[in-house]
Amino acid sequence: MTTRPRPHLPMRPAWLCRNCAAPWPCGPARLDLAAEFYGHSIALAFYLAASMHEAIDDAYGLGLCPDLPAMHARFLGWLSRARRPERHTTQARPER
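Convert by adding 508 to the 1-based position in the sequence shown; the result is the number in this note's numbering.
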(Lines of atoms letter the chains of each structure in order from A and count residues from 1; the text may use other names and numbers.)
(Lines give C-alpha, C1' and ligand atoms only; values in the text may rest on other atoms or scores of the structure.)
Protein backbone atom coordinates (compact mmCIF):
# COMPACT_ATOMS: atom_id res chain seq x y z
CA MET A 1 0.00 0.00 0.00
CA THR A 2 1.36 3.39 -0.97
CA THR A 3 0.64 6.50 0.99
CA ARG A 4 0.09 9.86 -0.58
CA PRO A 5 2.35 12.67 0.57
CA ARG A 6 0.67 15.02 3.00
CA PRO A 7 0.00 18.43 1.48
CA HIS A 8 1.66 21.52 2.92
CA LEU A 9 -1.44 23.46 3.92
CA PRO A 10 -1.80 26.25 6.50
CA MET A 11 -2.97 25.54 10.03
CA ARG A 12 -4.93 28.48 11.33
CA PRO A 13 -4.79 30.67 13.33
CA ALA A 14 -1.03 30.15 13.69
CA TRP A 15 -0.42 29.94 9.93
CA LEU A 16 2.08 27.15 10.31
CA CYS A 17 2.35 24.31 7.81
CA ARG A 18 0.28 21.28 8.83
CA ASN A 19 2.97 18.99 7.43
CA CYS A 20 6.34 20.47 8.41
CA ALA A 21 5.34 23.13 11.02
CA ALA A 22 7.29 25.86 9.18
CA PRO A 23 5.69 29.28 8.69
CA TRP A 24 3.23 28.93 5.81
CA PRO A 25 3.78 29.18 2.88
CA CYS A 26 6.77 26.93 3.48
CA GLY A 27 9.16 25.97 0.70
CA PRO A 28 7.20 22.89 -0.41
CA ALA A 29 3.95 24.87 -0.31
CA ARG A 30 5.49 27.54 -2.53
CA LEU A 31 6.50 24.90 -5.05
CA ASP A 32 3.01 23.37 -4.94
CA LEU A 33 1.37 26.79 -5.35
CA ALA A 34 3.64 27.75 -8.24
CA ALA A 35 2.73 24.49 -9.99
CA GLU A 36 -0.98 24.79 -9.21
CA PHE A 37 -1.19 28.38 -10.45
CA TYR A 38 1.25 27.91 -13.36
CA GLY A 39 0.37 30.47 -16.05
CA HIS A 40 -1.91 32.35 -13.64
CA SER A 41 0.53 34.43 -11.62
CA ILE A 42 -1.95 37.24 -10.99
CA ALA A 43 -4.45 34.78 -9.49
CA LEU A 44 -1.66 33.39 -7.28
CA ALA A 45 -0.78 36.90 -6.12
CA PHE A 46 -4.42 37.61 -5.24
CA TYR A 47 -4.71 34.29 -3.37
CA LEU A 48 -1.55 34.94 -1.38
CA ALA A 49 -2.50 38.56 -0.65
CA ALA A 50 -5.88 37.40 0.69
CA SER A 51 -4.12 34.71 2.75
CA MET A 52 -1.71 37.31 4.12
CA HIS A 53 -4.59 39.53 5.21
CA GLU A 54 -6.29 36.58 6.90
CA ALA A 55 -3.02 35.72 8.68
CA ILE A 56 -2.68 39.32 9.87
CA ASP A 57 -6.27 39.32 11.12
CA ASP A 58 -5.67 35.99 12.88
CA ALA A 59 -2.53 37.37 14.54
CA TYR A 60 -4.43 40.38 15.86
CA GLY A 61 -7.19 38.01 17.00
CA LEU A 62 -4.59 36.12 19.03
CA GLY A 63 -3.48 39.38 20.65
CA LEU A 64 -0.23 39.53 18.68
CA CYS A 65 1.26 42.46 16.82
CA PRO A 66 2.41 41.03 13.47
CA ASP A 67 5.52 42.33 11.73
CA LEU A 68 3.84 43.61 8.57
CA PRO A 69 6.98 43.88 6.37
CA ALA A 70 7.92 40.32 7.39
CA MET A 71 4.41 39.10 6.58
CA HIS A 72 4.61 40.75 3.15
CA ALA A 73 8.00 39.13 2.48
CA ARG A 74 6.71 35.75 3.67
CA PHE A 75 3.52 35.70 1.63
CA LEU A 76 4.34 37.83 -1.42
CA GLY A 77 8.06 38.55 -1.48
CA TRP A 78 8.95 35.27 -3.18
CA LEU A 79 6.53 35.75 -6.09
CA SER A 80 8.71 37.90 -8.31
CA ARG A 81 11.48 35.31 -8.18
CA ALA A 82 9.08 32.41 -8.74
CA ARG A 83 7.41 33.81 -11.84
CA ARG A 84 10.40 35.46 -13.49
CA PRO A 85 11.17 33.44 -16.62
CA GLU A 86 14.70 32.76 -17.69
CA ARG A 87 15.59 35.42 -20.23
CA HIS A 88 18.11 34.78 -22.91
CA THR A 89 19.16 38.03 -24.51
CA THR A 90 20.54 36.69 -27.74
CA GLN A 91 18.72 39.13 -29.96
CA ALA A 92 20.50 40.07 -33.15
CA ARG A 93 21.92 43.57 -33.18
CA PRO A 94 21.01 45.79 -36.11
CA GLU A 95 23.77 46.06 -38.69
CA ARG A 96 25.33 49.48 -39.29
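Each residue gets a CB set at the ideal place from its N, CA and C atoms; glycine is no exception.
Annotation: P515 is outside any alpha helix (DSSP H) and is labelled neither H nor E by DSSP.
The shortest C-alpha to C-alpha distance from L576 to any of D565, W586 and L570 is the one to D565.
The beta carbons of A537 and F545 sit no closer together than 9 Å.
Residue pairing by DSSP puts C525 in a beta bridge opposite P518. The C-alpha of W532 lies about 18 Å from the C-alpha of S549. Here the C-alpha atom of A543 lies approximately 21 Å from the C-alpha atom of W523. When secondary structure is reduced to three states using DSSP, P574 falls in the coil class, being assigned neither helix nor strand.
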